[in-house]
Each structure stands twice: as structure tokens, then as C-alpha cells.
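*Asks:* Its first residue numbered 11, the sequence shown is counted upward by one per residue in this note's numbering.
Ideal placement from N, C-alpha and C gives every residue a C-beta, glycine not left out.
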Amino acid sequence: MINKKFFIISFSLFTATLALSCDGAKVRRLVSTAHEMQRVEDKYEEKSSAGESRYDGEKQFRDAGDGLELPAKLKDRAEMILHRAGYTVSYNRNMLIPNWVAWHLTPEHASGHIKRDGIDFAEDTDVPEPRAVDADYYGSRYDRGHMCPAGDNKWSKVAMEQSFLFTNICPQNSNLNRGDWNELENACRSWAKKKGGLYIVCGPILYKQKHKTIGHNRVTVPEAFFKVVLCMEGTPRAIGFIYKNAADNRPKGDYANTVDEVERITGIDFFPSLPDDVEKRVEAEKNIEDW
């Protein structure tokens with residue numbers, strides 16, 4: 011059997027050589043594909059330091075799609091990659107919250123018959139202690155805010171249950187969680203059904219300051235939240251959103267930003283597997299009317 015990494019490295023060198031005689035855009039696509047194959051292969055090899063997952067996360071991740079939603083690897087903060095049935099999370103063991111959560115929201119996943127009733131928020135034993143637990147939120151006045159929403163996981167009982175793991179949760183202002191943030195989640199499901207699927211990444215924003223924490227385990231409270239959305243159906247398009255972790259009531263357009271701006275604020279490189287020309291164009295857009 012051919013070694014996968016040997017094949018990927020050889021493929022990258024081969025496509026680079028082709029640049030002398032082939033169309034540049036096509037070569038960039040080939041190289042991007044090779045890099046993505048390597049990046050996903052690397053992620054498969056990562057194992058939880060807490061032991062083997064309770065779920066077959068690797069198989070579920072392999073079955074989930076092309077991985078276009080995955081940001082580039084983080085180098086400036088703690089990162090532990092966890093693969094779930096409905097999403098992938100970059101977990102920060104120092105902050106006890108995710109760096110980002112990414113998923114491919116297909117039209118089929120935008121609805122379903124699985125209900126959230128009776129499902130409790132759960133400690134994620136796949137990550138090392140200390141870790142967030144339900145008691146950390148008692149009396150905090152913060153909601154347990156889903157990053158990948160329960161409403162995007164109604165297609166599978168396992169996916170729904172995993173959406174309640176605290177590695178997918180951040181302390182979130184209750185007005186935001188139940189108001190404008192919820193409205194954006196509903197809008198994304200509507201867009202996915204109408205446009206044929208979305209690649210979504212969202213998570214907390216931590217500014218350079220001393221962060222508030224809650225609970226005995228000192229779970230970090232974000233100062234704001236981001237969400238970036240990419241649609242590849244038809245003409246590719248993307249948009250970003252930034253919400254302060256505070257009560258507000260405004261239309262979605264007031265929160266709209268370019269993906270480039272969200273990258274500048276968060277330090278995260280989104281959609282790195284896109285061809286360079288497509289990535290440059292879509293990440294400069296923020297036209298809410300296109301959605």
C-alpha cells in the first residue's frame with residue numbers, strides 16, 4: 011500500500027512543477043487540494059490526551075464532507091481538535107471554551123425530527139481537567155450558549171447529544187443567546203435550505219485584557235462572538251458577523267462584517283482550502299442583501 015503522506019508530498023511537488031506549463035489557477039487548486047489532504051490527514055492522527063473518545067469521532071468526521079469549513083491550524087493559543095458527528099471543535103484547554111466550532115450545514119441537516127427535550131448539558135470527558143461543568147454556570151447569569159446550535163443537529167440523536175457537550179458551549183448573555191444570536195442561527199438554516207448548504211465557523215472573541223470567568227473551574231467569559239458563513243453553490247459568497255456579548259436588539263445587517271475583518275480581530279485564518287482568487291474575493295464581501 012502506498013504511504014499516504016509520501017503520496018501527498020509527492021503530489022504537491024508534482025503540481026508545483028506543473029506550474030511552469032499549466033494554467034496558474036488550476037495549479038493553485040491542485041496544490042490547495044494536496045495541502046488540504048495533508049491537513050485533514052494530520053487531524054485524523056491527533057488523539058485526545060484524555061484517552062479514546064466516547065464517540066467514533068474520526069469516522070464521523072471522515073463521513074461528514076470535504077472539510078472546507080476547517081480553519082487553519084492555530085499557533086498562538088492552545089488548540090485541541092475534537093471531531094463530532096455534526097461539527098469539529100478547536101478546544102482551548104486554558105480558557106475552557108472553544109477557539110472555534112466549524113460545520114457543514116447541508117439542507118438535510120437544516121431540519122430534522124430529533125428533539126432536544128430531555129438532553130442535559132454534559133461535561134466533556136474527552137478533554138483534560140479542569141473542564142467546564144454544569145455547576146460553573148449556576149448563579150452566573152450567563153446562558154450556556156451553543157456555538158454549533160442544537161437546531162443544526164436535529165438530523166441525528168448522536169449529533170444532538172454531542173451539541174450539548176461543554177466543549178461546544180460558551181458563557182453567553184441571555185438576551186443575546188435568545189435574541190439576535192438565535193435569529194442568526196435561524197437565518198443560517200433558512201439560507202442553507204434555500205442556497206444548498208453552508209460552511210460555518212463561529213466562536214468566542216477574546217480581546218487583549220483580563221477576562222471575566224465563572225464557576226469553580228473559572229470558565230472564560232468571551233467579550234464577543236463571531237460567525238463566518240460561506241456558500242459554494244453557484245457563485246461563491248461569504249459574510250462575517252460580530253456580536254458583543256451583551257444585550258442588544260438590532261437587525262443582522264448591523265452585525266455584518268467581511269470575513270477579512272473577522273480574521274483580523276480573531277487571528278484565525280478561515281477557509282484556507284479555497285483557491286486563492288476565490289478566497290480573496292469572497293472574504294472581502296459583507297453584503298447582507300446577497301443572503
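Quick check on the burial criterion: 16 or more other C-beta atoms within 10 angstroms. Buried or exposed for H114?
*Replies:* buried
*Asks:* Starting from W191 and walking both ways along the alpha helix (DSSP H), at which residues does that stretch end?
*Replies:* D190 to K205
*Asks:* Write down the C-beta distance between N109 and S100 rounded to the nearest angstrom, noting that I regard them as a contact closer than 8 Å.
*Replies:* 4 Å
*Asks:* Answer yes or no: do F176 and E133 have a C-beta to C-beta separation smaller than 8 Å?
*Replies:* yes
*Asks:* Please check the pair G155 and Q182, which I expect to be a contact at CB under 8 Å, by giving their CB distance rounded to whole angstroms.
*Replies:* 3 Å
*Asks:* To the nearest angstrom, how far is the alpha carbon of M170 from that of D264?
*Replies:* M170 and D264 have their alpha carbons spaced roughly 30 Å apart.
*Asks:* Between which two residues does the alpha helix (DSSP H) carrying T276 extend?
*Replies:* V269 to T276
*Asks:* Between the alpha carbons of E79 and Y217, how many angstroms are there, rounded?
*Replies:* Rounded to whole angstroms, the gap between the alpha carbons of E79 and Y217 is 24 Å.
*Asks:* For D144, which of I179, V272, H93 and A112 has the nearest alpha-carbon?
*Replies:* I179
*Asks:* Excluding the 5 residues preceding and the 5 following G225 in the sequence, name in chain order all residues of the same chain whose CB lies nearer than 8 Å to its CB.
*Replies:* A142, V143, A145, D146, Y147, Y148 and S150
*Asks:* Rounded to whole angstroms, what is the Cα-Cα separation between N227 and P214?
*Replies:* 18 Å
*Asks:* Give me, in chain order, the residues of the same chain whose beta-carbon lies closer than 8 Å to that of V111; leave out the 5 immediate sequence neighbours on both sides.
*Replies:* Y97, T98, V99, S100, M157, C158, N178, V211, C212 and G213
*Asks:* By Cβ distance, which residues of its chain are closer than 6 Å to T116, with the 5 residues on each side in sequence left out?
*Replies:* G207
*Asks:* From N185 to N259, what distance separates their C-alpha atoms?
*Replies:* Between N185 and N259, the C-alpha separation is close to 9 Å.
*Asks:* Under 8 Å between the Cβ atoms of I278 and N267?
*Replies:* no
*Asks:* Could you spell out the range, first to last residue, of the alpha helix (DSSP H) harbouring R154?
*Replies:* It is not in any alpha helix (DSSP H) - R154 instead sits in the beta strand (DSSP E) that spans Y152 to H156.
*Asks:* Whose CA, out of T223, F281, H221 and I249, lies closest to the CA of C198?
*Replies:* I249
*Asks:* Where F280 and K85 are concerned, what is the direct C-alpha to C-alpha distance, given to the nearest angstrom?
*Replies:* Computed Cα separation, rounded: 14 Å.
*Asks:* Please name the residue or residues paired with R247 in a DSSP beta bridge.
*Replies:* Its beta-bridge partners are C241.
*Asks:* Can you give me the Cβ contacts of V239 inside the same chain, cut-off strictly under 7 Å, excluding the 5 residues immediately before and after it?
*Replies:* C198, L208, I210, A248 and I249
*Asks:* Does K237 pass the burial test, meaning 16 or more other C-beta atoms within 10 Å, or should it be called exposed?
*Replies:* buried
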